[in-house]
Amino acid sequence: MSETLNTPRVEAARIAVNAGLVLFFGLYAVIVLIQPNYLEPGLFMNFLRRAAPLVILASGQIYVILTGGFDLSVGAVVTFTVTAAALLINGDPGATWSVIALLYLMGAAIGLFNGLVVAYLKVPSIIATLGTMLWLNGLALAWSGGAARGDLPENFRDLGRFQWRDVPLIGTLPMAALVLVVVCALLWWGLHGMGYGKRALAVGDNPRAAELAGIPVARTRITAFVISSLAAVTAGILLGGFSGVSVNAGSGLELQSIAACVIGGAMLLGGRGTIWCAIWGALSLFALFTLLNLMGLPQALRDSIQGLILILAVGLTAWRTRRRS
Amino acid sequence: MQKKAMLATTVALFALAGAAGAQEFNDPAEFARQRAQLSMTPQGPEGQPWAQHLGDSMVDTAKWKKDGPATICFSNAGIFNPWRVVGMHNFQAEAEAQGDRIKELIVVDAEGKDEKQIADIEALVAGGKCDVLIVSPNTTAALTPAVEAAATKLPVVVFDRGVNTTAPVTYIHPVGGYGFGISSGEFIAANLEKGANVLALRIVPGVDVLETRYSAAKNIFDEAGLNVVGSEFTGSDRAKTKSVVEDYLNRGIQIDAIWMDAGDTATAALEAFEDAGLPYPVISGEDQQDFLRKWRDENLTAIAPSYPTYQWRTPIIAALDILDGKPVPGPEWVLPQPAITAETRDGYIDEKLPPLHYSLCGCQDLPGYPARWGGSD
Amino acid sequence: MKMGKIRPQFSVAAVLLLISLVIFVVTAVATGEMAQFSLQGITGLLQRMVALGLVAVGQTFVILVASIDLSVAAVISGTAVLASWMMGGDPAMIVPAVLLCLGFALAVGLVNGALVAFGGINPLIATLGTGLILQGVLSAGYGLLGGSVAPAFQHLAYGSLFGIPWSVLALFGLGLAMAFVLNRTVLGARIFAVGGNPEGARLAGIRTGWVILTAHVICSLFAGLAGLYLAARVQAGTPWLGRDGIYDLESIAVTVIGGTLLAGGKGGIAGTLAGVFLFASLDASFNMLGIDAFLKQVLRGFIIIVAVAVHAIRGRGHVA
Chain F
-6 MSETLNTPRV EAARIAVNAG LVLFFGLYAV IVLIQPNYLE PGLFMNFLRR AAPLVILASG
54 QIYVILTGGF DLSVGAVVTF TVTAAALLIN GDPGATWSVI ALLYLMGAAI GLFNGLVVAY
114 LKVPSIIATL GTMLWLNGLA LAWSGGAARG DLPENFRDLG RFQWRDVPLI GTLPMAALVL
174 VVVCALLWWG LHGMGYGKRA LAVGDNPRAA ELAGIPVART RITAFVISSL AAVTAGILLG
234 GFSGVSVNAG SGLELQSIAA CVIGGAMLLG GRGTIWCAIW GALSLFALFT LLNLMGLPQA
294 LRDSIQGLIL ILAVGLTAWR TRRRS
Chain A
18 MQKKAMLATT VALFALAGAA GAQEFNDPAE FARQRAQLSM TPQGPEGQPW AQHLGDSMVD
78 TAKWKKDGPA TICFSNAGIF NPWRVVGMHN FQAEAEAQGD RIKELIVVDA EGKDEKQIAD
138 IEALVAGGKC DVLIVSPNTT AALTPAVEAA ATKLPVVVFD RGVNTTAPVT YIHPVGGYGF
198 GISSGEFIAA NLEKGANVLA LRIVPGVDVL ETRYSAAKNI FDEAGLNVVG SEFTGSDRAK
258 TKSVVEDYLN RGIQIDAIWM DAGDTATAAL EAFEDAGLPY PVISGEDQQD FLRKWRDENL
318 TAIAPSYPTY QWRTPIIAAL DILDGKPVPG PEWVLPQPAI TAETRDGYID EKLPPLHYSL
378 CGCQDLPGYP ARWGGSD
Chain C
90 MKMGKIRPQF SVAAVLLLIS LVIFVVTAVA TGEMAQFSLQ GITGLLQRMV ALGLVAVGQT
150 FVILVASIDL SVAAVISGTA VLASWMMGGD PAMIVPAVLL CLGFALAVGL VNGALVAFGG
210 INPLIATLGT GLILQGVLSA GYGLLGGSVA PAFQHLAYGS LFGIPWSVLA LFGLGLAMAF
270 VLNRTVLGAR IFAVGGNPEG ARLAGIRTGW VILTAHVICS LFAGLAGLYL AARVQAGTPW
330 LGRDGIYDLE SIAVTVIGGT LLAGGKGGIA GTLAGVFLFA SLDASFNMLG IDAFLKQVLR
390 GFIIIVAVAV HAIRGRGHVA
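Residue numbers (the working numbering), protein chains in the order written: chain F, -6 to 318; chain A, 18 to 394; chain C, 90 to 409.
Below, the structure is given as structure tokens:
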């Protein structure tokens, strides 16, 4: 039975990956057409530096999406990470690494909370993580008093901001790009190298069947939320590094990260997707933002175009899947 | 297909609307009035701009006179940005300073929702505890009926944004958006050659108090022959601000000056120049600590116009004066609106305060300074 | 069978109503705000329900068919802006403006429904997309769409009958009507069938696509009504009216708190309105207690989770 179910699913995922990849290269080609110097390695590296937080968020979000859920709290985790880092480090470079460790602990705790609420209290993830989004944002605001407070030292900022110059071949190498590659490799290994991905897909597809097949459904779910939160902490560290402290650092990122996965071909409510859906989807979405910036369209219409692309991308995937089956 | 049809109708509707419904944020008379107010000598106690006023008009408040400690009610639009956070601290500290004259201070927060603020005001009036009502409206038009209804029952003081009625006893506000745009626009124009490039960074479109800032500055830039290469909305988001500026720099556009309608992301905009290895532009920010410090440390060519948060102290003063039956400046109480220049800058810097503290808080003499404002002792 | 379906749903509503009342009464007594129990105080409390209540009644329909609508916030802003622009203060334009707004809401509902039911697009993404498109067009066009509603139209939001605001009467009238539609008509039965067991409904000869489409149209129309009410309330609509009110996420939250299953097929209007009442009482109580805005947000987050957990935990299956 698993044979007959698996084959079309793998097939569909492969098609989807191609779609995300093709979309990214298509969009980047248009960027280059408008602004040829984006072909220079230096500018591509800068593109990666800015896209890194969204790509990492999406790569964490995909874990939850595969299990059939959503994580709406990732934007709040980003905001919380940035504000907490500034308050706890308060400009002292010696505190940076211990605070970063603490931030990951907090992230894990938030993910654990989401996971437990979903797995044991049976609250649908969209509501559970919406609740977390509210209380966590409120907590970040209450803690900082409503406006950015404290200070981030150079060595923390460097993670998202520093770039090595005069690197052979690529010109500049941002530290964020390096972090991006390492984190994505880790998340890829976690999903596809350890068999977790198969379990997650099974849970997302049909939790009852997965349970009967001996898969620990609750544990699989909880793991997904923890990983998503940890990814969000990483994104928060990079974002805080890139542009500094603010209390709205993460607003809107939750929907962007979900949209990225979907554009990349992952299916909501589970059943299909790979880490590549998240990576190429997020890069596509970010390329779209950059393109709209470069075209100088009124800001407001950029929202509209984003919405249109979202519907078209998902509509196309739905249509192709239906035609094949 | 349906979607396309719908979009087409919507677009057609906008085209139809044309100039007829266009909103006017470029009022030459108001521009001239505010320009005159910027250089006017204020009346009132020296060195206390929150208690000063421009112009002579006063209103009689004898009919609201009431003895004994007062219950002051405040319907706040919300504390959804750093400016309002600092303002709220000013408000509470002023109330604490006047504690012996206040029986109770009731504050309700509308969290940025018009509908909630209307209900809040109705509940405050129905509750019957308030001797005086202070309102900081979320939106001018939306709050007008509620304020009008409240003003028939008790004295009302409005500040920051106004309402479309003269029913309140007085409306407290600094000079205004045009004034902000004039201070910053004229400085940039004076420091650039004709034909130089200015990038305008703004928060959101369509908000009256922000649109007037831009229209005033734009007029000045046009007059001075400066070239506005772009007007971008950043939503007060630091990452977005930095990305937007980077995109302009990546396109190889020379940016000689940055004009901002609010300064909370000014340092992020400057970082884009640092990361690209380019010299700093001429810049207009606002009176936030982080911007003033950066300005001093990097010796920038800059100005910090303000929309002073000390205006949050004034409503308490006005409310107590009204209950004393003393005449107050009105129907509009216009506060002075200074801009911080290179000469006055260092006097506004206080290293103890957080980066987004608004320096024109006029709060140094208030109880709890600086800890209440997030400062370290 | 049918009674069994209705009773647990009714009890969720009753329990919520009771808890909300206790919260409100205890806070009012504790803070000495006895004036809250006057007619004016009570109607003020009920008035807080109107906008969210209208949206949530519509949201209940889409959630019952296992769909969801994130575009309601944009529809609210859209109708409010259109109404103020089209009326431009002229009472003669009230009827055309209302018709235009409802037409607009209907169109959005049709698009959403078509994308979800016939385009095979996940409802979350489809309605997020249409919401973004609308939001963008609105913000971009707002400079051209000024104006304010006619003073006579504001009577809808500020006027009252025997001391009870028209808008509150309208909310409960419409709520009753929609509860009737759900529980006593063929359409209602089909909505429950499609949400509860789509495959079974299809086999039973129900054209599921059309039922989903209808639910989306109803949802959009109710969002449109909420937009009209808000336009009357705030005089001039803005493109961020709906977004700032968080009507999208809050309407989903109160619906689920009221016992409607996100997976569809179970729930109803009474629970949803009780959920809205809970939010209104919390709002009023937080005000009386003078809780600061940030703490309010923290509390609201936990309350949403707990309120859903209380009845979700009894479910045997898995949720995602």
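Built from N, CA and C at the ideal position, the CB exists for glycine as well.
Among the options, the one whose alpha carbon lies nearest that of residue i
| i | options | result |
| --- | --- | --- |
| L216 (chain A) | A:S301, A:F91, A:S253, A:V186 | A:S301 |
| H374 (chain A) | A:G193, A:Q305, A:K343 | A:Q305 |
| T6 (chain A) | A:R330, A:A293, A:A335, A:P322 | No statement about residue 6 (chain A) is possible, as the shown extent of chain A runs from 18 to 394 and does not include it. |
| S74 (chain A) | A:A274, A:Y265, A:L352 | A:L352 |
| D281 (chain A) | F:L261, F:A275, F:G237 | F:G237 |
| G13 (chain F) | F:A271, F:L287, F:S297 | F:A271 |
| R154 (chain F) | F:G308, F:A306, F:A211, F:L41 | F:L41 |
Pair within 8 angstroms by beta-carbon distance, residue i and residue j
| i | j | result |
| --- | --- | --- |
| R230 (chain A) | E249 (chain A) | no |
| L105 (chain F) | T74 (chain F) | no |
| L20 (chain F) | L290 (chain F) | no |
| D307 (chain A) | P372 (chain A) | yes |
| V144 (chain C) | H305 (chain C) | no |
| V149 (chain A) | A87 (chain A) | yes |
| I49 (chain F) | A242 (chain F) | no |
| P161 (chain F) | M38 (chain F) | no |
| Y163 (chain C) | L223 (chain C) | Here residue 163 (chain C) is Ala; the residue named in the question, Tyr, does not match the sequence. Against a cut-off of 8 angstroms, the Cβ pair of L223 (chain C) and A163 (chain C) comes out as a contact. |
Buried or exposed (CB count within 10 angstroms, at least 16 for buried), residue i
| i | result |
| --- | --- |
| Q51 (chain A) | buried |
| R316 (chain F) | exposed |
| N267 (chain A) | buried |
| G38 (chain A) | Note that G38 (chain A) scores 38 on pLDDT, short of 50, meaning its location in the model is unreliable; the coordinates nonetheless yield the value given after this. When all chains shown are included, G38 (chain A) counts as buried. |
| Y56 (chain F) | buried |
| F251 (chain C) | exposed |
| R265 (chain F) | buried |
| I275 (chain A) | buried |
| K133 (chain A) | buried |
| N107 (chain A) | buried |
| M57 (chain A) | exposed |
| S222 (chain F) | buried |
Closer than 7 angstroms at the beta carbon, the chain F residues around residue i
| i | result |
| --- | --- |
| F391 (chain C) | G124, W128 |
| F383 (chain C) | G131, L134, A135, G139 |
Beta-carbon neighbours of residue i, restricted to chain C and to distances below 8 angstroms
| i | result |
| --- | --- |
| I120 (chain F) | I341, A342, V345, L351, I393, I394, V397 |
| S277 (chain F) | Within 8 angstroms Cβ-Cβ: nothing; S277 (chain F) doesn't reach chain C, min ~15 angstroms. |
Where residue i meets chain A, residues with beta-carbon distance less than 9 angstroms
| i | result |
| --- | --- |
| N211 (chain C) | Chain A residues near N211 (chain C): none, gap ~16 angstroms exceeds 9 angstroms. |
Per-residue contacts from residue i into chain A (C-beta, under 7 angstroms)
| i | result |
| --- | --- |
| S237 (chain C) | A158 |
| A140 (chain C) | E132 |
Chain A residues whose Cβ lies nearer than 8 angstroms to that of residue i
| i | result |
| --- | --- |
| Q324 (chain C) | A158, A159, T161, P162 |
Chain-ordered chain F contacts of residue i [CB-CB under 8 angstroms]
| i | result |
| --- | --- |
| T284 (chain A) | G237 |
| K259 (chain A) | F235, S236 |
Closer than 7 angstroms at the beta carbon, the chain C residues around residue i
| i | result |
| --- | --- |
| E128 (chain A) | A382 |
Looking at chain A, which residues of the stretch 282 to 295 of chain F have a Cβ within less than 9 angstroms of any of its Cβ atoms? F282, T283, N286, L287, G289, P291, Q292, A293
Going along the stretch 205 to 231 of chain A in order, which residues come within less than 7 angstroms of chain C, judged by CB to CB distance? P222, G223
Which residues, in chain order, does the stretch 314 to 348 of chain A contribute to contact with chain C at a C-beta distance below 7 angstroms? none
Members of the stretch 153 to 164 of chain A that neighbour chain C once the beta carbon cut-off is set at 7 angstroms: Answer in chain order: T156, A158, A159, T161, P162.
Beta carbons nearer than 7 angstroms to chain F: which residues of the stretch 352 to 384 of chain A have them? P371, P372, L373
Which of the residues in the stretch 98 to 124 of chain C, read from start to end, lie with their CB under 8 angstroms from any CB of chain A? If you check each beta-carbon in the stretch 98 to 124 of chain C against every beta-carbon of chain A, the ones closer than 8 angstroms belong to E122, A124.
Could you run through the stretch 12 to 38 of chain F and flag, in chain order, every residue whose CB is less than 8 angstroms away from some CB of chain A? Q28, N30, Y31, L36
Taking beta-carbon pairs under 8 angstroms, can you tell me which members of the stretch 49 to 60 of chain F lie near chain C? T60
Residues in the stretch 304 to 328 of chain C having any Cβ partner in chain F nearer than 7 angstroms: none
Taking beta-carbon pairs under 7 angstroms, can you tell me which members of the stretch 84 to 99 of chain A lie near chain F? I96, P99
When Cβ atoms are compared, which residues of the stretch 219 to 249 of chain C fall closer than 9 angstroms to chain F? Of all residues in the stretch 219 to 249 of chain C, T219, G220, L221, I222, L223, Q224, G225, V226, L227, S228, A229, G230, Y231 have a Cβ within less than 9 angstroms of some Cβ in chain F.
Against chain C, which members of the stretch 140 to 151 of chain A pass a CB distance test of less than 8 angstroms? A140, A143, G144, G145, K146
Taking beta-carbon pairs under 9 angstroms, can you tell me which members of the stretch 177 to 206 of chain C lie near chain F? L204
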